[in-house]
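Counting from 307, one number per residue, gives the positions in the sequence shown under my numbering.
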Amino acid sequence: MTQSSVLSPQSSFATAPGKIILFGEHAVVYGRPAIAAPVTQVRATAVVEDSATPGVRLRAPDLGRDYWLEAAAEDDPFARAGRAVAEAAGRRLPDLVITVQSTIPIASGLGSGAAMAAAVIRALARHLGASHLAEDEQVSALTYEVEKLLHGTPSGIDNTVVAFERPVYFVRRQPQNLIETFQVATPLHLLVADTGQASATGLVVGDVRRQWQAEPARFEALFDGCGRVAEAARPAIEQGEVERLGRLMAENQAYLQEMTVSSPELERLIAAALAAGALGAKLSGAGRGGNMITLIRPEQEAAVREALLAAGARSVLATVLR
Ligand code: PMV
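Shown next, in the form of structure tokens:
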């Protein structure tokens with residue numbers, strides 16, 4: 307079934323993928339390099355349709371939300387996305403219905419908020435005929451504005467990955483972030499397992515900040531450690547050194563533990579994956595719940611998946627980084 311057969315001509319459509327952080331979460335907020343990749347099996351979708359009813363109606367059935375942009379709070383993410391596109395396009399929004407749906411688990415470190423915002427922004431830009439705003443770089447920049455509402459001090463890596471839909475080596479810096487794509491020599495087989503515990507990125511990022519303020523030297527050293535791991539991981543990915551990548555995941559996880567962002571549930575899943583023979587495992591995203599990732603050889607998939615489910619994983623998703 308093609309898009310055009312299900313949508314009326316007055317509709318516009320866009321999607322954005324989930325994402326995982328392979329190396330460098332948290333430290334990336336403090337200017338250290340990080341590596342992230344899209345997870346294309348789970349996606350957010352936005353449909354923008356012309357409406358005969360005045361106003362801009364926002365529908366997010368998965369979140370149980372149906373409301374009007376005009377009446378939405380300043381810090382409402384979808385309303386912010388709509389207003390950001392209108393401002394950038396230099397025009398008022400016409401009467402519309404915007405519907406957002408997503409198969410990306412919420413509050414799990416897979417970037418669902420960024421993906422939903424990116425899908426709305428791209429679909430709306432297309433609908434307004436503002437094609438320059440539907441380009442990856444602009445979608446990323448506008449999604450960043452929404453991420454600021456959700457997280458306070460986002461590094462910019464989530465919006466970059468979901469907008470560009472490519473693995474990226476990312477460094478937050480002024481006046482412009484460093485965003486580099488790279489070659490993956492050998493496909494990397496990963497399982498992404500959900501602890502089932504919600505993880506509020508803004509709270510965890512804020513708590514890391516408080517700890518950094520209380521003990522700057524110790525936290526700077528931890529961030530440096532994460533940055534070195536991400537720097538070493540890039541050539542390992544480019545040269546297909548999977549065992550080395552597994553060891554680097556363990557090293558990164560040790561730094562994240564020191565930052566107190568792991569949790570007993572994450573540790574249980576990580577231990578189960580490693581006991582089943584995985585090459586490496588770590589939390590991914592903000593931590594204290596959400597998802598962990600594990601690097602495996604393709605033939606290990608069934609055994610590691612079973613071990614993760616037996617250790618309490620709510621769901622296990624397979625993804626290949628190429
Ligand atoms: O929990 P997520 O998927 O939103 O990932 C957050 C990643 C952090 O590095 C913890 C924060 C950031 O803005 O980069």
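Think of the CB as a built atom: it goes at the ideal place given N, C-alpha and C, for glycine as much as any other residue.
query	result
Inter-residue Cα distance where the pair is Gln309 and Val353	With a pLDDT of 45 at Gln309, under the threshold of 50, the modelled position of that residue is not reliable, and the figure given next carries that caveat. About 11 Å.
Reference Gln316, options Gln480, Glu331, Ser357, Pro344, closest by Cα	Ser357
Those residues which DSSP pairs with Asn597 across a bridge	Asp500, Ser590
Nearest-angstrom Cα separation, counted from Leu615 out to Arg479	39 Å
Straight-line gap, Ile602 to Ser590 (C-alpha atoms, nearest Å)	16 Å
Boundaries of the beta strand (DSSP E) in which Tyr475 is found, first to last residue	474 to 477
Cut-off 6 Å between Cβ atoms - residues of its own chain near Ala617, not counting five sequence neighbours on either side	Arg574, Leu575, Ala578
Burial state of Asp401 (16 or more Cβ within 10 Å)	exposed
Helix, strand or coil at Ser311 [DSSP, three-state]	At Ser311, the pLDDT of 43 sits below 50, so the modelled position is not reliable and the matter cannot be decided from this model.
Val335 Cβ short of 7 Å to the ligand PMV heavy atom set	yes
Burial state of Met307, where buried means 16 or more other Cβ atoms lie within 10 Å	Low confidence applies to Met307: its pLDDT is 38, below 50, so where it sits in the model is not reliable, and the reading given next is rough at best. Under this definition Met307 is an exposed residue.
Other residues of its chain near Val489: CB distance less than 7 Å, five sequence neighbours each side excluded	For the sequence presented, residue 489 should be read as Gln rather than Val. Glu544, listed in sequence order.
Neighbour-count burial assignment, Arg594, 16 or more Cβ in a 10 Å radius	buried
Run of the alpha helix (DSSP H) containing Asp356, from where it starts to where it stops	Note, Asp356: premise wrong, no alpha helix (DSSP H); beta strand (DSSP E) at 340 to 356.
Closer than 7 Å: Val511 CB and nearest the ligand PMV heavy atom	yes
Candidates Tyr336, Glu453, Leu585, Asn483, of which the one nearest Asp381 by Cα	Glu453
For Ala424, three-class secondary structure by DSSP	helix
Contained beta strand (DSSP E) runs [length at least 3] in the segment 353 to 382, N- to C-terminal order	362 to 366, 371 to 374
Three-state class that DSSP yields for Gly337 in the structure shown	coil
Selection from Arg386, Gly417, Arg553 that minimises the alpha carbon distance to Glu451	Arg386
Contact check, Val445 vs Met422, beta carbons under 8 Å	no
Contact test: Asp500 Cβ vs the ligand PMV heavy atom, cutoff 7 Å	no
Reference Asn483; option with closest CA among Trp518, Ser461, Gln606	Ser461
Strand pairing of Lys325, partner residues [DSSP]	Pro344
Sufficient close CB pairs (3 or more, under 8 Å) joining the segment 328 to 336 to the segment 557 to 568	yes
Assigned secondary structure, Ala619 (DSSP; H/G/I helix, E/B strand, else coil)	coil
Near the ligand PMV: Asp464 beta-carbon under 7 Å from a heavy atom	yes
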